[in-house]
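Protein chains in written order, with the working numbering: chain F, 47 to 482; chain Y, 418 to 722; chain E, 45 to 341; chain C, 133 to 512.
Beta carbons are placed, not taken as given, at the ideal position from N, Cα and C, and that holds for glycine.
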Amino acid sequence: MPPAAVSSPASRVRWNLVFRQAVLEAAAAFALALLLFGPIVGLVLDGYQIKNEWQRPLPIATIIAVGRFLVALAVHTPTGQAALERFNARRRQPGVLVVGISEGDRRRWWLLAVVAISLTLPFLASKYWLTVLIQAMIYVLLGLGLNIVVGLAGLLDLGYVAFYAVGAYGLALGAQYLDLGFWSALPLAAMLAALFGGVLGFPVLRMHGDYLAIVTLGFGEIIRLVLNNWLEFTGGPNGVAAPAPQLFGLEFTRTARDGGVPFHDYFQIAYNPLHRFIFIYLALFLIVCLMVGVVTRLRNMPVGRAWEALREDEIACRALGINHVLVKLSAFMMGAMVGGIAGVFFATYQGFINPTSFNFFESALIVAIVVLGGLGSTTGVIVAALVLTILPELLRAFADYRVFAFGVLMVLMMIWRPRGLMRPRRRAFEVKGLCP
Amino acid sequence: MDWHILVQQLVNGLTLGSIYGLIAIGYTMVYGIIGMINFAHGDVYMLSAYVTAICLATLFSFGVNSLPFALLATLVMTMVITATYGWTIERIAYRPLRGSTRLAPLISAIGVSLVLQNGVQLSQGAKTQGVPSLIPTTLRFGEGDNFVQITLVQVMIILVSLSSMAALTWLIQRTSLGRQCRATQQDRRMAAILGINTDRIISTVFVIGAAMAAIAGVLVTLNYGSFDFYIGFVTGIKAFTAAVLGGIGSLPGAMLGGLILGLSEALFSGMVNTDYKDVFAFSLLVLVLIFRPTGLLGKPEVEKV
Amino acid sequence: MTTDPIQPPILEVTGLTMRFGGILALNDVSFEVKRGSISALIGPNGAGKTTVFNCLTGFYKATEGRIALHTPRTAIDLIHILGQPFQASDFVNPAAFGDRLYYKMFGGTHRVTRAGVARTFQNVRLFKEMTAIENLLVAQHLQLNRNMVAGLLQTAAYRQSERDALERAYAWLKVFGLGEDANRLAGELPYGHQRRLEIARAMCTGPRLLCLDEPAAGLNPRETEQLSELLRQLRDEHGVTILLIEHDMGLVMGLSEHIVVLDYGEVIADGDPHTVAHHPAVLAAYLGTDAVNDDES
Amino acid sequence: MDHPSFPRCLLAMALAGGLGLSGLAGAADTIKIGVAGPMTGGNAAFGEQFWSGATRAAEEINAAGGVNGQTIELVKGDDACEPKQAVAVANRLLDQDKVAAVIGHFCSSSTIPASEVYADAGVLVITPGSTNPKVTERGLPTVFRMCGRDDQQGPMAADFIIHKLKAKKIAVVHDKDTYGQGIADAMRARLKELKADKKEVLYEGLTRGEKDFNPLVTKIKGTGADVVYFGGLYNEAGPLLRQLRDQGVKATFVSGDGSLDPAIVTAAGGPKFVEGSYMTSVREARNIPAAKKVVEKFKAAGADPAGYTLYAYASLQSIAEAMKGTQSTDGKKLADWLKSHAVATVLGPKSWDAKGDLKESGFSIYIWGADGNYKEMAQK
């Protein structure tokens, strides 16, 4: 409570009112919390009996009530009001920022710094953090791919994991049946995923918004179920082994398995299981960089502009002679292809895949990356992918509360930044003599 | 297929479908009014199963002997508590996001779903819970080996869901609250200008949806006897599919979609193969949407140019 | 301006009928638009003007009738290219079947635009989160180098195509007096600018026939005046035929050479401004608010 | 890329790197042992059992003076039964927590990729619950299991169904998961060997996490099967049993150790539904004199040593014994020791073959009584 404000009688009356209001709100919050948590937290099922644990919901309800009380008071202090104002102002910001042409130089240094750090990191990190980084990179790739579909073309795809699965199984089954290696499977699986995207997309891309979402969700589930049920071909729930990557025929294993030469033997160095992961990381980093470049160029190409125009207004696009189905299809296939590439890396990094890795929650997580990234912002997607993959690992410190805390943070992040972490940016154009 | 098997499968399909339909109402109403897929709804249903068991066990531990009274009290309590959850979730996780991108509440809903699942796991444990079989009565039709056997609870499921549907339809079509709901659904801004408290109406819709899920939760718990903190996921996706199949935004569509989905699952797994029944269900959805892009009872979308 | 009597009209609408369920929105509408003219489609609210537009530009599939667009070389049936349902006869005639299948798969509204009909919308439909110049670049989609490989490798041909597009876009922005707004988001422009940007965007598709749906709605008198200047300039300097729906009778009477009046989905008058303004059916349709009074306001 | 994100980006990466480097070993007077399994997600019940069993065992061992003068400290690792998380958590346990051995992974699909990680680092891992043959068939020297294999109990069930129950029509149901389908397929393979595969009238999978199996039950009813064999866990077995009885199907229900759990009574809705069902499982812990005391201690603490609890308990006992026997925590040495010595565990004496499988799995058949308890059937 502001000490200066209490002195005058008028403000004292006002503060009395505020105080009373806050007490009422706190009481209501207490009652509500008790109703919500009383039965679920306070009465624990034990067989057909009940264990009474009333000591658990009471503190929760008390904390909520006190919190509500403090917040109710705080919004009436000048600092509280200013904070509220700032919070709301940020939420009202327009979605898109147009950046000038002169931004390039500064960005180049940042870019260089990030690349340098990303390249040195794997040599410093422990194996655990290296695998987390690989995992994060795979999600960056997935995020970039889905960003084309959801962020740029505005098509809500809730079954993106299907293409991820096609890529992963493309490598594993390709190795099993066709004797493909990692590098030959990479382009093939990518093309296969794109083909899947095309075949699935063509009949359904005429649908609007959320109907498309549920149909893609359906496709995602169908693919997962088929992978799970088709025991003879995919190994069903038992999964399949995926080959490890090779560098020009060099294997990253202790002893040669697939008839190649182990990497450490060739270079006469001691065997280190990290080599394999560093190699995967570097290859993945290369692909991610390539993908960022491709996406950046695509956005400024006719097809990329058409994607974004389609997101903004499909009807206007049609009135401009753009075949919306084909443009959507190109976005869908492009996204599917990137998903397929990510799948190949996932499979080779895991060494073993089964359908549980491709469930609906995975799709939801990738959509969350894109939305949190700011729908269309490449940097945003990268940051969001890193946050959403590294966060659960950091939260392992919370042990049992890990996923719970992850859920809470997801809600809070959306409330804090409903439009995502990054505002999408647009390039300004320069034409001789005309630009101000 | 023999007639008694067919009849039995139809009953199976109808009960399953009624449950889907009840849960689908929550999806369809929320979608209709704010255009959001409420992925946390399945977990609200899961919650109601827990509340049911907790209420029953508490009542029995206080020595309540009358089964009808216990069931009724449980139903009311479950509906109240679950509806409160529906209201709170909307208030905390969705309302602050109103007016931002369409996808923000979707992500928030996924977060809420994680919170509910893991919150229940943390407080109630991960193991499968259950209630004893309270109404063991079964009805048997037919002679010898060719008989149809239905539990009384199955009959209750069909009756209760149909009557809840009827009551809800009456509420939406005939009452002032229903008119306000429909007005808000058609044009939220205009409704607000006309003096309808749209925030309150949206809250009401969440409350109704949760209450319907609570009815489903009570019935399912009585019928199958067991549940765990993860049941919301599978059932939720199915119910959402049902809502879309029937035409999302349409109340009768939700029930119809639920029944069709339930029946087709039952008949497909009965006549063809259980392994692929979900594949069949989703394929059915895709096919229906290709030929009727707004679902079975959804209003055909007239493009506003 | 007189049109060459030998040249066919650019647009020929015959017996256009449109039903929504049981409602007859258009009933046997027929009219012509002369090449190089500025024509107007007027009528009271709900007369079916926008429905005619939506049929012309391929957003609705007319229930019956024919819409022919005469290009210098051929006549294009604008309904055919939208893709029509299969008919029994198609299954015995493979050529017709293939044709219909092709248009069913790849046909649609965009084909109409490609045939040379561009339009604007009653409620402005810009790509709000894209800059003004990008709006115009999107409109040139079909004229650009869309080869993905070329674009990713930034080949010389691709860069040339992009430069040309940019210059064309700037040229159009200048024509519409929007040069200053080039790098601003379309959604943040003042309303009058948005209206003009939408017309500029339609012009970027290189149309023969430009259909404007209430281009002056929401503009102040000065802006309306500028608009009518601009439309004349478009017709005279860029050789485009203009068909517009408008409620602002001042604009319509001053600008157009030919007026079609619709009421209850039927054409009730068709002719030059003077004839139409004094046509008894038109006066009756406007119920007292006669067109001449509007003209003076 | 745009610049304002980079501080954040850097922060995240620096955090990642920093934490990676900071994973220093804890105090030297404790031995860390990882307990990995599904602590969240649909299979979290089994993760809880692992944890409860392992913690109880650790308390006992520490109370008795620990191992080689050191006390055991357990570290929990959650994999949610997802291969992706299993690999991450395996790496974390090794790098971050520097565990000396691991009890873990429940789902075979998690155990298989995770055990590659442990084997690569030469760390001993004992899985209390992964029954898929592949777990030990890949020639990884430090991978062991405390449970039987699918291809051991499945055939036993087949023999029982054919010889004892004299079944005429057998309906086989599985849960489309590694364990369930694994034992169901092993059972079928044995049926074929017994030339009884003609007796199989139905072979289908249900979906885990669902509760409504009525259509499948009706189908079983239509086949007129007199024995239903279910490969799966009690979560699904309970409702399946109840719905069978609700529809008036009287077929005998036979299942594996995943269903032999007191919780099945709760899941089915009462003892009358499970009465008369048969299940195969390893020699029941509660009947072993050594285990009685342990079980009582669990009960006294208000916990029920259900499902895999005692398997986890026995796993930790074996690890501790091996560490005492070798005076070391080296995975290779521990593995060699375990392969050459028998360990007296709460589940009875256990010894392992060269692959890491139990030499004698000691499966027997249990029958459920009307009181909701089960008892071992007299052998022969």
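Reducing DSSP to helix, strand and coil, say where residue 553(Y) ends up. Counting from 1 along the second sequence, the entry for residue 553(Y) is found at position 136. Three-state result, residue 553(Y): coil.
Less than 8 Å between the CB atoms is what I'm expecting for residue 343(C) and residue 644(Y), so what's the real figure, rounded? Locating residue 343(C) in the fourth sequence gives position 211, counting from the first residue. Locating residue 644(Y) in the second sequence gives position 227, counting from the first residue. With a Cβ gap of about 7 Å, residue 343(C) and residue 644(Y) count as contacting.
Would you list the one or two residues that DSSP bridges to residue 204(E)? Here residue 204(E) corresponds to residue number 160 of the third sequence, with the count starting at 1. According to DSSP, residue 204(E) bridges with nothing at all.
Alpha helix (DSSP H) segment containing residue 647(Y), residue limits: Translated into the one-based positions of the second sequence, residue 647(Y) becomes position 230. Careful: residue 647(Y) lies outside any alpha helix (DSSP H) and carries neither H nor E.
Tell me whether the beta-carbon of residue 395(F) lies closer than 8 Å to the beta-carbon of residue 224(C). Locating residue 395(F) in the first sequence gives position 349, counting from the first residue. Locating residue 224(C) in the fourth sequence gives position 92, counting from the first residue. No, the pair does not count as a contact, with Cβ atoms beyond the cut-off.
For a cutoff of 8 Å on Cβ pairs, would you count residue 249(F) as touching chain Y? Along the first sequence, read from residue 1 onward, the residue named residue 249(F) stands at position 203. Interface residue, yes.
Min CB distance residue 275(F) to chain Y below 8 Å: The sequence position of residue 275(F) within the first sequence is 229, counting from 1. Answer yes: the Cβ-Cβ gap between residue 275(F) and chain Y drops below 8 Å somewhere.
To the nearest angstrom, how far is the alpha carbon of residue 346(F) from that of residue 330(F)? One-based indexing of the first sequence puts residue 346(F) at position 300. One-based indexing of the first sequence puts residue 330(F) at position 284. Those two C-alpha atoms are separated by around 24 Å.
Does residue 308(E) come out as helix, strand or coil in the three-state DSSP assignment? Within the third sequence, the letter at position 264 stands for residue 308(E). If DSSP states are grouped into helix, strand and coil, residue 308(E) belongs with coil.
Grab me the residues of residue 467(F)'s own chain with a C-beta within less than 7 Å of its C-beta, minus the 5 sequence neighbours each way, in chain order. Position 421 of the first sequence, counted from the start, is the residue given in the question as residue 467(F). Result list for residue 467(F): 418, 419, 420, 426, 429, 430, in chain order.
Could you give the distance in angstroms between the alpha-carbon of residue 292(E) and the alpha-carbon of residue 275(E)? To locate residue 292(E), count along the third sequence from 1; it is residue 248. To locate residue 275(E), count along the third sequence from 1; it is residue 231. Near 15 Å, if we compare the C-alpha coordinates of residue 275(E) and residue 292(E).
Can you pull out the residues from the stretch 188–215 of chain C whose beta carbon lies closer than 9 Å to at least one beta carbon of chain F? 208, 209, 210, 212, 213, 214, 215
Bridge partners - residue 290(E), DSSP secondary structure assignment: Residue mapping note: residue 290(E) aligns to position 246 of the third sequence, counting from 1. Paired residues: none, contrary to the question.
Chain-ordered residues of the stretch 328–340 of chain F with a beta carbon less than 9 Å from chain D: The structure shown has no chain D; the protein chains it does contain are F, Y, E and C.
Chain C within 8 Å of residue 174(F), Cβ atoms only: Translated into the one-based positions of the first sequence, residue 174(F) becomes position 128. Residue 174(F) counts as touching chain C.
First and last residue of the alpha helix (DSSP H) that includes residue 640(Y)? In the second sequence, counting from the first residue as 1, residue 640(Y) sits at position 223. 615–641 is the extent of the alpha helix (DSSP H) around residue 640(Y).
According to DSSP, what are the bridge partners of residue 109(F)? Numbered from its first residue, the first sequence carries residue 109(F) at position 63. According to DSSP, residue 109(F) bridges with nothing at all.
Can you pull the DSSP bridge partners for residue 471(F)? Taking the first sequence and counting its residues from 1, the one referred to as residue 471(F) is at position 425. 143(F), per the DSSP bridge assignment.
Complete alpha helix (DSSP H) runs within the stretch 392–430 of chain C (minimum length 4 residues, chain order): 395–400, 403–406
Determine the closest residue to residue 630(Y) out of 687(Y), 592(Y), 577(Y), with distance taken between C-alpha atoms. Counting from one through the second sequence, the residue named residue 630(Y) turns up at place 213. For residue 630(Y), the nearest C-alpha among the options comes from 577(Y).
Using only alpha-carbon positions, find the residue among 261(F), 183(F), 72(F), 343(F) that is nearest to residue 327(F). Reading the first sequence from its first residue, position 281 is the one you call residue 327(F). Nearest option by C-alpha distance: 183(F).
Cβ shell of residue 648(Y) (< 7 Å), same chain only, five flanking positions each side left out: Against the second sequence, residue 648(Y) aligns to sequence position 231. So the qualifying residues of the chain are 463, 466.
DSSP three-state call for residue 671(Y): helix, strand or coil? For this step, residue 671(Y) is matched to residue 254 along the second sequence. Residue 671(Y): helix per DSSP, three-state reduction.
Here's the rule: buried if 16 or more other CB atoms are within 10 angstroms of the residue's CB, otherwise exposed. What is residue 640(Y)? For this step, residue 640(Y) is matched to residue 223 along the second sequence. Flag for residue 640(Y) reads buried.
Tell me, to the nearest whole angstrom, how far the beta carbon of residue 85(E) is from that of residue 287(E); I am working on the premise that it is less than 8 Å. Taking the first residue of the third sequence as 1, we reach residue 85(E) at position 41. Taking the first residue of the third sequence as 1, we reach residue 287(E) at position 243. Yes, residue 85(E) and residue 287(E) are in contact; Cβ-Cβ is about 7 Å, under 8 Å.
Work out the CA separation of residue 280(F) and residue 195(F) for me, nearest whole Å. Translated into positions along the first sequence, residue 195(F) becomes position 149. Translated into positions along the first sequence, residue 280(F) becomes position 234. So the two alpha carbons sit approximately 28 Å from each other.
Span of the beta strand (DSSP E), counted from its first residue to its last, around residue 58(E): The sequence position of residue 58(E) within the third sequence is 14, counting from 1. Looking at the DSSP string, the run of the beta strand (DSSP E) that includes residue 58(E) is 55–64.
Inside the stretch 79–124 of chain F only - beta strand (DSSP E) runs reaching at least 3 residues: 89–92, 95–98
Under 7 Å (Cβ pairs) to chain E, residues found in the stretch 351–369 of chain F: 351, 352, 354, 355, 358, 359, 361, 362, 364, 365, 366, 367, 368, 369
If you measure between the beta carbons of residue 464(F) and residue 701(Y), is that distance less than 8 Å? The count along the first sequence starts at 1 and reaches residue 464(F) at position 418. The count along the second sequence starts at 1 and reaches residue 701(Y) at position 284. Against a cut-off of 8 Å, the Cβ pair of residue 701(Y) and residue 464(F) comes out as no contact.
By a C-beta neighbour count over all protein chains shown, 10 Å radius and 16 as the cutoff for buried, is residue 100(F) buried or exposed? Counted from its first residue, the first sequence places residue 100(F) at position 54. So residue 100(F) ends up on the exposed side.
Is there a Cβ from chain F that is less than 8 Å from the Cβ of residue 173(E)? The sequence position of residue 173(E) within the third sequence is 129, counting from 1. Answer yes: the Cβ-Cβ gap between residue 173(E) and chain F drops below 8 Å somewhere.
Can you list the residues of chain F that residue 541(Y) reaches, using a CB-CB cut of under 8 Å? The sequence position of residue 541(Y) within the second sequence is 124, counting from 1. Correct list: 86, 90, 91.
Residue 326(E) versus residue 60(E) - alpha carbon distance: Your numbering for residue 326(E) matches position 282 in the third sequence. Your numbering for residue 60(E) matches position 16 in the third sequence. Spanning the two alpha carbons is a distance of roughly 20 Å.
Rounded to whole angstroms, how far is the Cβ of residue 119(E) from the Cβ of residue 174(E), which I believe are closer than 8 Å? Here the question's residue 119(E) lines up with position 75 in the third sequence. Here the question's residue 174(E) lines up with position 130 in the third sequence. Contact doesn't hold; Cβ gap of about 36 Å is too wide.
Does the distance from the C-beta atom of residue 524(Y) to that of residue 460(F) stay below 8 Å? Residue 524(Y) sits at position 107 when you count from the first residue of the second sequence. Residue 460(F) sits at position 414 when you count from the first residue of the first sequence. A contact, by the Cβ cut-off of 8 Å.
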